[in-house]
Amino acid sequence: MTPKKILRRPQPSDVTGWGQNLPPILRRLYAARGVHSDDQLQYTLKHLASPMQLRGIDRAVELLAEAVAQKQRVMVLGDFDADGATSTAVAMLGLSMLGVAAIDFRVPSRFSDGYGLTPGIIHRLQDEGDLPDLLVTVDNGISAIEGVRAARELGIKVVITDHHLAGDELPDADAIVNPNQPDCPFLSKNAAGVGVMFYVLTALRKHLRDNNLLPDPEPNLGNLLDLVALGTVADVVPLDHNNRIFVEQGIRRIRKGEARPGILALLEVAGRDYTEISATDLGFVVGPRLNAAGRLDDMSIGIACLLADSRDEALRLARELDNFNRERRSIEKDMKTQAQDLLASMSLDVEGLPWGLALFDQDWHQGVIGILAARIREQTHRPTIAFAPDDDGEHLKGSARSIPGLHIRDALAVVDAKNPGLMKKYGGHAMAAGMTIARDDLERFSNAFDQAVRDTLKPEDLEAAITTDGPLTPDELNLDTAYLLKRAGPWGQHFPEPVFDGEFRVVSQRIVGENHLKLVLQPVEGGGIIDGIAFNTGPEVPDFTRSGARVVYKPDANTFRGRTNLQLLVDYLEPLG
Numbered sequence: 001m002t003p004k005k006i007l008r009r010p011q012p013s014d015v016t017g018w019g020q021n022l023p024p025i026l027r028r029l030y031a032a033r034g035v036h037s038d039d040q041l042q043y044t045l046k047h048l049a050s051p052m053q054l055r056g057i058d059r060a061v062e063l064l065a066e067a068v069a070q071k072q073r074v075m076v077l078g079d080f081d082a083d084g085a086t087s088t089a090v091a092m093l094g095l096s097m098l099g100v101a102a103i104d105f106r107v108p109s110r111f112s113d114g115y116g117l118t119p120g121i122i123h124r125l126q127d128e129g130d131l132p133d134l135l136v137t138v139d140n141g142i143s144a145i146e147g148v149r150a151a152r153e154l155g156i157k158v159v160i161t162d163h164h165l166a167g168d169e170l171p172d173a174d175a176i177v178n179p180n181q182p183d184c185p186f187l188s189k190n191a192a193g194v195g196v197m198f199y200v201l202t203a204l205r206k207h208l209r210d211n212n213l214l215p216d217p218e219p220n221l222g223n224l225l226d227l228v229a230l231g232t233v234a235d236v237v238p239l240d241h242n243n244r245i246f247v248e249q250g251i252r253r254i255r256k257g258e259a260r261p262g263i264l265a266l267l268e269v270a271g272r273d274y275t276e277i278s279a280t281d282l283g284f285v286v287g288p289r290l291n292a293a294g295r296l297d298d299m300s301i302g303i304a305c306l307l308a309d310s311r312d313e314a315l316r317l318a319r320e321l322d323n324f325n326r327e328r329r330s331i332e333k334d335m336k337t338q339a340q341d342l343l344a345s346m347s348l349d350v351e352g353l354p355w356g357l358a359l360f361d362q363d364w365h366q367g368v369i370g371i372l373a374a375r376i377r378e379q380t381h382r383p384t385i386a387f388a389p390d391d392d393g394e395h396l397k398g399s400a401r402s403i404p405g406l407h408i409r410d411a412l413a414v415v416d417a418k419n420p421g422l423m424k425k426y427g428g429h430a431m432a433a434g435m436t437i438a439r440d441d442l443e444r445f446s447n448a449f450d451q452a453v454r455d456t457l458k459p460e461d462l463e464a465a466i467t468t469d470g471p472l473t474p475d476e477l478n479l480d481t482a483y484l485l486k487r488a489g490p491w492g493q494h495f496p497e498p499v500f501d502g503e504f505r506v507v508s509q510r511i512v513g514e515n516h517l518k519l520v521l522q523p524v525e526g527g528g529i530i531d532g533i534a535f536n537t538g539p540e541v542p543d544f545t546r547s548g549a550r551v552v553y554k555p556d557a558n559t560f561r562g563r564t565n566l567q568l569l570v571d572y573l574e575p576l577g
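Residues 1 to 577 in the UniProt record's numbering are what the sequence shown spells out, letter by letter.
Put into structure tokens, the structure is as follows:
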């Protein structure tokens with residue numbers, strides 16, 4: 001494991017006046033995550049921010065209501081990641097529930113179309129004689145200047161629903177609903193694309209209800225919250241209070257078996273009990289299987305799984321997605337080995353590497369470079385961009401992942417301002433972004449990106465660190481705490497799952513499954529024997545039985561042969577002394 005600084009999350013000195021009915025450990029953890037009132041822990045739907053705060057939502061609702069009344073053809077244009085897939089499914093299901101009779105969807109190909117609404121997609125629809133009356137984008141569109149223009153020239157009305165950061169120019173759409181567009185007063189700027197689309201549906205339902213136009217019986221949009229939860233977690237948006245409501249409500253539906261057959265099927269093929277799932281399962285179990293379709297083939301398969309009405313059809317598609325995910329992992333493993341060889345050729349040690357890494361290999365797969373960038377970022381603690389060849393042979397597509405302290409899209413904007421035309425296009429978030437450059441410009445771009453990172457970060461920002469919630473007391477280190485923490489979330493981005501650290505005697509250790517370190521631990525301060533496991537350490541690890549170890553861990557309930565015991569999921573460990 002790469003050496004890391006272990007930092008402890010600051011604990012507010014005063015946590016009185018709220019949370020009096022909570023266990024002390026939860027009050028302490030919530031306070032450290034910025035909670036200071038009971039209202040912030042209320043996860044009922046009535047606590048959601050009002051959709052009417054969203055700029056442009058009135059006009060979007062008018063256009064959708066017209067589509068219902070005039071029986072117009074509506075087409076949903078999605079995206080090829082999990083947020084885009086769930087957004088598409090929510091739009092398809094929700095608009096159908098609210099009375100749109102003729103509705104279909106398209107998803108751009110990562111390989112032939114690129115991201116979002118492009119003129120090429122519009123022209124292909126024209127060639128196929130499949131032009132809609134109204135086009136609704138989900139999880140994309142805020143940068144589709146040319147695509148919107150092409151649609152409107154053909155008489156297609158366009159409603160954009162998106163959450164990505166807006167550029168200097170907005171597309172000339174008929175309506176734009178995006179909390180991150182200029183002058184939008186909506187409080188939750190962290191909404192995922194699926195959350196924005198859900199808000200549009202709730203506003204449309206209110207409009208139809210007020211005008212006595214709702215179908216009878218009135219549609220229950222709450223049935224879509226499992227999809228909203230999945231997309232929100234999988235897109236790794238910050239879990240502010242609003243997003244935690246979405247996630248908590250969705251998880252409750254899943255645990256009761258009231259989720260879409262596709263979500264239940266994806267959990268089943270992964271061997272997860274839906275009655276016990278957490279937000280972590282959505283992010284690390286369901287999300288990757290759904291994403292695998294968009295990375296290697298066609299996200300339409302993933303959307304079809306989410307839209308499937310029968311368990312048998314959902315299971316068939318979920319197994320196909322599971323196979324894609326296995327293939328993705330194999331490709332990723334090979335690419336990571338190649339990337340490590342490339343890093344070794346650049347420098348003998350991490351300190352000698354550029355501050356901003358830009359890596360390329362002719363054989364890398366476009367669909368997996370984002371994951372590869374994330375893995376190298378974790379290994380080097382440097383902002384990382386992985387490039388793969390574009391299909392035209394003349395350009396490279398890049399996927400970037402950042403570290404705390406560097407807003408990656410802002411860094412790319414600096415590169416663009418100082419080197420006009422170097423990037424053919426770019427966009428993204430604080431922690432992830434994408435771009436296209438000419439193949440011959442790789443070295444020039446690498447130098448410009450490295451300089452932009454150096455101008456922003458300080459040397460200490462490049463030191464890997466892991467933040468914990470401190471130690472658990474002997475009375476807290478038990479199975480009850482593991483159950484409590486799993487149910488206490490939802491945990492996620494900017495509301496992190498609790499992680500603890502402590503000093504342990506290592507009674508024994510062994511490698512299992514070739515890459516995982518199985519441990520038997522005993523707290524130095526006293527206490528019983530506890531099992532632990534550290535995944536993907538590789539076969540070469542220090543002998544911790546001689547030194548003991550400082551362990552960063554999450555308490556977990558592990559069931560084996562019908563018995564459930566406390567097990568520590570080890571994120572990091574280092575020798576004592």
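Just so it is clear, CB atoms sit at the ideal spot from N, CA and C, and this is done for glycine as well.
Return the Cβ separation of L477 and P542 in integer angstroms, given the expectation that the two are a contact with Cβ distance under 8 Å.
The pair is not a contact, with the Cβ atoms about 24 Å apart (cut-off 8 Å).
Considering only their Cβ atoms, is the gap separating I6 from Y572 smaller than 9 Å?
yes
Alpha carbon of R209 to alpha carbon of V159, nearest angstrom:
21 Å
Cut-off 6 Å between Cβ atoms - residues of its own chain near E497, not counting five sequence neighbours on either side
Counting only Cβ-Cβ distances below 6 Å, and skipping sequence neighbours, we find W491.
Does the distance between the C-beta of T468 and the nearest non-hydrogen atom of the ligand PLP fall short of 8 Å?
No copy of the ligand PLP appears in this structure; indeed no ligand is present at all.
If you reduce the DSSP assignment to three classes, tell me which class T545 lands in.
helix
Evaluate A411 with the Cβ neighbour count: other Cβ atoms within 10 Å of its Cβ, from every protein chain shown; 16 or more gives buried, anything less gives exposed.
buried
Same chain only: Cβ atoms within 6 Å of Y274, ignoring 5 sequence neighbours per side:
I254, L264 and L267
For L342 and D361, I'd like the C-alpha separation in whole angstroms.
9 Å
Distance cutoff 9 Å, beta carbons only. Does L45 sit that close to anything in chain C?
Chain labels in this structure do not include chain C; a single protein chain is all it has.
Contact between the region 120 to 133 and the region 240 to 259: three or more CB pairs below 8 Å?
no
Suppose only complete runs of 3+ residues qualify. What are the beta strand (DSSP E) ranges in the region 3 to 57, listed by chain order?
5 to 8
Return yes when the Cβ of V74 is within less than 9 Å of the Cβ of P24, no when it is not.
With contacts defined as CB atoms closer than 9 Å, P24 and V74 fail to qualify as a contacting pair.
Keeping to the same chain, check which residues put their C-beta closer than 6 Å to that of A358; ignore five residues upstream and five downstream.
A distance below 6 Å between beta-carbons, with the five flanking residues on each side excluded, links A358 to the following residues of its chain, in chain order: I385, S446 and F449.
Alpha carbon of Y115 to alpha carbon of V68, nearest angstrom:
29 Å
Rounded to a whole number of angstroms, what is the C-alpha to C-alpha distance between N140 and G489?
29 Å
For the beta strand (DSSP E) holding S508, just list the boundary residues, first then last.
F500 to V512
Thinking C-beta only, is V453 closer than 9 Å to W364?
no
Just curious, the beta strand (DSSP E) that F387 is in, first and last residue?
T384 to P389
Please classify M194: does DSSP put it in a helix, a strand, or coil?
As written in the sequence, residue 194 is Val, which differs from the Met given in the question. Correct three-state label for V194: helix.
Taking C-beta to C-beta, are T232 and G195 nearer than 9 Å?
In this structure, T232 sits near G195, with a CB-CB distance shorter than 9 Å.
For A373, which of G352, I408, G421 and D390 has the nearest alpha-carbon?
I408
Find out if the Cβ-Cβ distance for the pair I89, L306 is shorter than 9 Å.
Looking at the sequence shown, residue 89 is not Ile but Ala. Yes. Within cutoff.
Whole-angstrom distance between L457 and A417, CA atom to CA atom
19 Å
Alpha helix (DSSP H) segments (min. 4 residues) lying fully within the region 172 to 258:
193 to 210, 225 to 234 and 241 to 255
Report yes if the CB atom of A85 is closer than 9 Å to the CB atom of G302, and no otherwise.
yes
Grab the span of the alpha helix (DSSP H) containing Y572 for me, first residue to last.
Unbroken run through Y572 is the beta strand (DSSP E), R563 to P575; no alpha helix (DSSP H).
How would you label K46, buried or exposed, when you count the other beta carbons within 10 angstroms and need 16 or more for buried?
exposed
Please report how far the alpha carbon of R205 lies from the alpha carbon of F284, in whole angstroms.
Going by C-alpha positions, R205 is about 33 Å away from F284.
Kindly list the residues whose CB is nearer than 6 Å to the CB of V15, restricted to its own chain and excluding five residues on each side of it in sequence; keep chain order.
R27 and A31
Look up M75 in the DSSP assignment and say whether it is helix, strand or coil.
When secondary structure is reduced to three states using DSSP, M75 falls in the strand class.
Going by other Cβ atoms of all chains shown within 10 Å of its Cβ, with 16 needed for buried, is H164 buried or exposed?
buried
Let me know if F500 comes out buried or exposed under the rule of 16 or more other beta-carbons within 10 Å of its beta-carbon.
buried
Alpha carbon to alpha carbon, what distance is there between R59 and A175?
6 Å
State the start and end residues of the unbroken beta strand (DSSP E) segment that holds R106.
R106 -> beta strand (DSSP E) spans A102 to R106.
Could you give the DSSP three-state label for Q362: helix, strand or coil?
coil
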